[in-house]
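Here the sequence shown is numbered in the working numbering, starting from 2 and rising by one per residue.
We put the beta carbon where it would ideally sit given N, CA and C, even for glycine.
Input: a single structure, listed below in structure tokens.
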Amino acid sequence: MKTVLQVGKQRIQENELYNLLAQYQYLPRLARELIIDQAIADIECTPEEKVAVREQFCQQLQITNQEQLNTWLTQSGMTIEQFEPYILRDLKLEKFKQAEWGHLLESHFLECKNQLDKIVYSLIRTKEPGIAQELYFRIQENESDFAVLAKQYSEGGEAETGGLIGPVELNVPHPQIVQILTTGMVGKISPPTQIGEWWIILRLEKYLSTQLDDNIRQRLRNDLFQKWLMNQLQNNVTYSPSLSEEAQSSTQDTDKSENPEYALK
């Protein structure tokens, strides 16, 4: 059996690879990469794109000549024939995402916009309902500043910022906090509300509506791609450890038959 990898004195043979990939949880990663390879197999790149990608790759790794490239290939266990497909892979994947989901971005954006919008808000939290009620009245009557009270009384990390939190997307805070803030007006103080062990006072500072710009388009493409990829992994991948065990057993039997120590007596 052929040795495919040597680490120190340890030689890894072909029939051992499956068990090692499974042991170190690399099989799902391998399956993921194979699914991507199949998806981008027919994606084409222009000669100009190929040159630009190669130049960018070499610049990032500070490769300036063929000797340095050969050294990198050797250290990576890669042949020169594998090099171009490797460096073009990300570009082909982006083209695949655009071809598959570019026309769906507007509708997908409208579906998830309420999760992408951001808020800036102020928070005071305490485990004592009496203290929360007192602080709320002091803020309402303009007796004390929200930020000053947050620094003095809030029992979370927000105390360091005077209670100020954000900007954060609407899917980050506790759902009850989001409901209070999105149904109120900017600058309005919410009365003490219990969430778990905490009594909280909130004030919405800013509501930042997300626009469908290039960054959001890229994020939405990635989101749709990841959902597709998870579906592919769940429905089109089968692991067969029994086949690996059979191959390993067959190899061991062959080794025994060729070794005098295991000859029939």
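What is the DSSP secondary structure of K228, counted as helix, strand or coil?
-> helix
Measure the alpha-carbon distance for F58 versus I217 and round it to whole angstroms.
-> 26 Å
Would a C-beta distance cut-off of 8 Å place A208 and I120 closer than the cut-off?
-> Contrary to the premise, residue 208 reads as Tyr rather than Ala in this sequence. The answer is yes: Cβ separation under 8 Å.
Residues sharing a beta bridge with T194, DSSP = I201
Can the beta-carbon of L203 be found less than 8 Å from the beta-carbon of L182?
-> yes
In chain order, what residues of the same chain lie with their CB nearer than 7 Å to the CB of E15, ignoring the 5 residues before and after it?
-> Excluding residues within five positions, the ones whose Cβ falls inside 7 Å are M2, K3, V5.
Alpha carbon to alpha carbon, how far is T65 from R220?
-> 34 Å
Residue(s) in a DSSP beta bridge with S123 | L165, R204
Quick one: what does DSSP say T75 is sitting in, helix, strand or coil?
-> helix
Which of helix, strand or coil does DSSP assign to V173?
-> coil
Applying the criterion that 16 or more other CB atoms from any shown protein chain within 10 Å of the CB defines a buried residue, is R30 buried or exposed?
-> exposed
Going along the chain, which residues of its own chain have a beta-carbon closer than 8 Å to the beta-carbon of E107, five neighbours each way excluded?
-> These residues qualify, in order along the chain: L213.
Would you please state the rounded distance, in angstroms, between the beta carbons of F147 and S123? I believe it to be under 8 Å.
-> 5 Å
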